[in-house]
Amino acid sequence: MNRLALIFSIITLNLNLLFPQHLLTVAELCSPFSCNHHANDPIQFPFSVPENQTTRCGFPGFDLSCNSDGQTLFPLGEAGHLIVGEISYMDQILLVSDPNQCIPKRVIELNHRWPSSFRFYPYESPYTFLNCSRTNGTTLEMSMLPGDTSIVSCMSGGNYTVVAAFDSTAEEKMLERGREWKCEMIERVNVAFWGPGMQYEYDYDRHGYYPMDLSNVFVQLGWDIPGCGDCMVRGGSCGLVGDSGLEVACYIPASSSSGLPKSAKYGLILGAGIPGLVCIVGLTFYTSSRVSARRNQTRRYTNTESSPSIFPQPIILTLGLDLPTIESYPKTILGESKRLPKPSDNICPICLSEYQPKEALRSIPECNHYFHADCIDEWLRMNATCPLCRNSPQSSSGVAGSGR
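Read left to right, the sequence shown gives residues -20 to -1, 1 to 384 (mature numbering (1 follows the signal peptide of the UniProt record, and there is no 0)).
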């Protein structure tokens, strides 16, 4: 290596250290976007709006769009679109509604044809839709129905009423009361409806709460991949790594550890860096005169200075467990006696609610701690440790088991 090339190499290296362009990751370059220019509903990774952002700003299958009214749309291909009501990036939940205010009809039409990147979460339940008419020709009213049903007015007509039954018991009640009305089943679907005040943890005394009309509620959609919830909790931002591929990393901004404004940081870098750079150039002239005699030492020096290990790398966080791993943990349906291996285990440590008969519990094999299945499933999606003893289930072998 001649003297001029060596000087150029060292200057380039130090400029890269002073101005690390390679750290301008996708997560930093892709600013949050909003269809109505409000900061309270940002569209950010894994979602993106291709018309306004580059393809590397979002994950495949998470494209959104905007309409002229400033609404965020969830495209469904030839099936049209739904309206995005809210996105919880920490919980990885998307709330969507129907622009025609008849989401049950859209759910029936889209049954088994939802985008593969999403699943109904977190309160997926079976629903049966029935077309009912009274035997005397009058309209079926809400007061006549069992408590675990709702009317779907947007699908009903003058002489018939569409009813949604929230479980198999309610469906049987509707089909058995043939003297008062006649019902025909339209469709059975598994879906996660959500509306203000809706109660999902079943109460055997009050039989839960259901809206009078199910027409204009939301559908909850969750996603597992990419898993960025824990990254968001830590104050980071997710993004794709590099210019190609689907590797996702969590980027923790270095500025979060310092209260200095960016301009002050650049001033410090320039104030300290430029004099140092001048010293390095002078030192290079001195050392380059001995290149021929100390070729091996110089090569090792150059390799060391050029090593990628000196560049700060993205902080890739270990997130929670994947869904198949979580579902492999033993699941128990609690009997009437509410008996567990430890008599003191009668309260879920996560929600602090007492276990009730017929509730689904799940245990972590390594430590045999029990929790409500819904509570621990959501916890393990965000954290790969037991919430009680902090043991890592990932290190456990033979996690699959059967419920008691």
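Each residue gets a CB set at the ideal place from its N, CA and C atoms; glycine is no exception.
Roughly how many whole angstroms lie between the Cα atoms of residue i and residue j?
i: Ser45; j: Gly57; result: 12 Å
i: Leu74; j: Arg99; result: 10 Å
i: Leu125; j: Ala145; result: 10 Å
i: Ile290; j: Ala172; result: Since pLDDT at Ile290 reaches only 42, below the 50 mark, its modelled position is unreliable, and the value read off the structure follows with that caveat. Spanning the two alpha carbons is a distance of roughly 49 Å.
i: Tyr309; j: Cys112; result: 42 Å
i: Met192; j: Ser123; result: 10 Å
i: Ser68; j: Val132; result: 27 Å
i: Ser48; j: Cys15; result: 9 Å
i: Arg342; j: Tyr103; result: 16 Å
i: Cys347; j: Leu301; result: 16 Å
i: Tyr101; j: Gly137; result: 31 Å
i: Glu307; j: Asp223; result: 34 Å
i: Arg114; j: Leu155; result: 12 Å
i: Ala59; j: Gly41; result: 16 Å
i: Leu106; j: Ala150; result: It should be pointed out that residue 106 corresponds to Pro in this sequence rather than to Leu. Looking at the two C-alpha atoms, the distance is approximately 11 Å.
i: Asp147; j: Leu194; result: 15 Å
i: Glu152; j: Gly127; result: 13 Å
i: Leu332; j: Val64; result: 32 Å
i: Ile344; j: Ser97; result: 27 Å
i: Asp43; j: Thr35; result: 9 Å
i: Cys369; j: His17; result: 45 Å
i: Pro55; j: Gln200; result: 15 Å
i: Cys315; j: Arg214; result: Per the sequence shown, residue 315 should be read as Gly rather than Cys. Approximately 39 Å, taken between the alpha carbons.
i: Leu53; j: His92; result: 20 Å
i: Pro22; j: Ser372; result: 34 Å
i: Gly225; j: Arg157; result: 58 Å
Who are the Cβ neighbours of residue i in its own chain at under 7 Å, not counting the five residues just before and after it?
i: Pro206; result: Pro26, Phe39, Cys218 and Val228
i: Val197; result: Ile83, Phe173, Trp174, Gly175 and Pro191
i: Trp359; result: Ile330 and Pro367
i: Thr284; result: Because Thr284 carries a pLDDT of 43, less than 50, the predicted location of this residue cannot be relied on, and the following value inherits that uncertainty. Around Thr284: no qualifying Cβ.
i: Cys328; result: Tyr335, Phe351, His352 and Cys355
Along the chain, where does the alpha helix (DSSP H) that runs through residue i open and close?
i: Thr35; result: Taken as a continuous stretch (DSSP letters only), Thr35 belongs to no alpha helix (DSSP H), as it is neither H nor E.
i: Pro84; result: Ile83 to Glu89
i: Ala353; result: Ala353 to Met362
i: Val213; result: Gly209 to Val213
Using 8 Å for Cβ pairs, my map puts residue i next to residue j. What's the rounded Cβ distance?
i: residue 386; j: Asn139; result: For residue 386 there is no data in the structure shown, the boundaries of the chain being -20 and 384.
i: Ile330; j: Pro367; result: 6 Å
i: Cys134; j: Gln81; result: 6 Å
Tell me whether the beta-carbon of residue i lies closer than 7 Å to the beta-carbon of residue j.
i: Trp161; j: Leu120; result: yes
i: Val142; j: Thr129; result: no
i: Leu62; j: Val76; result: yes
i: Ala353; j: Lys311; result: yes
i: Arg159; j: Thr108; result: no
i: Met362; j: Met212; result: no
Grab me the residues of residue i's own chain with a C-beta within less than 6 Å of its C-beta, minus the 5 sequence neighbours each way, in chain order.
i: Asp325; result: Tyr350
i: Asn32; result: Phe13
i: Gln72; result: Gly202, Trp203 and Gly209
i: Gln24; result: Pro12
i: Cys37; result: Cys10 and Ser28
i: Arg86; result: Asp78
i: Glu164; result: Asn111
i: residue 412; result: In the structure as shown, the chain starts at -20 and stops at 384, and residue 412 therefore has no counterpart that could be examined.
i: Pro30; result: Asp43
i: Glu66; result: Leu75
Counting along the chain, where does the beta strand (DSSP E) carrying residue i start and finish?
i: Ala340; result: Ala340 to Ile344
i: Thr149; result: No beta strand (DSSP E) contains Thr149, which is instead part of the alpha helix (DSSP H) from Ser148 to Glu156.
i: Trp161; result: Trp161 to Val171
i: Gly65; result: His61 to Ser68
i: Leu303; result: Leu303 -> not in any beta strand (DSSP E); alpha helix (DSSP H) instead, spanning Leu303 to Glu307.
i: Val29; result: Premise fails: Val29 is in no beta strand (DSSP E) and is neither H nor E.
i: Gly202; result: Phe198 to Gly202
i: Gly219; result: Ser217 to Leu220
i: Cys112; result: Ser105 to Arg114
i: Thr52; result: Thr52 to Pro55
i: Val228; result: Val228 to Tyr231
i: Ser130; result: Thr129 to Ile131
i: Ser48; result: From DSSP, Ser48 is part of no beta strand (DSSP E); its letter is neither H nor E.
i: Thr312; result: Lys311 to Ile313
Apart from the five residues on each side of it in sequence, which residues of its chain come closer than 8 Å, Cβ to Cβ, to residue i?
i: Asn276; result: With a pLDDT of only 49 at Asn276, under 50, the local geometry of the prediction cannot be trusted, and no value is derived from it.
i: Ile88; result: Phe109, Ile166, Glu167 and Val169
Give a single yes or no on whether residue i has its beta carbon closer than 6 Å to a heavy atom of the ligand FAD.
i: Gly138; result: With respect to the ligand FAD, the structure offers nothing, as it holds no ligand at all.
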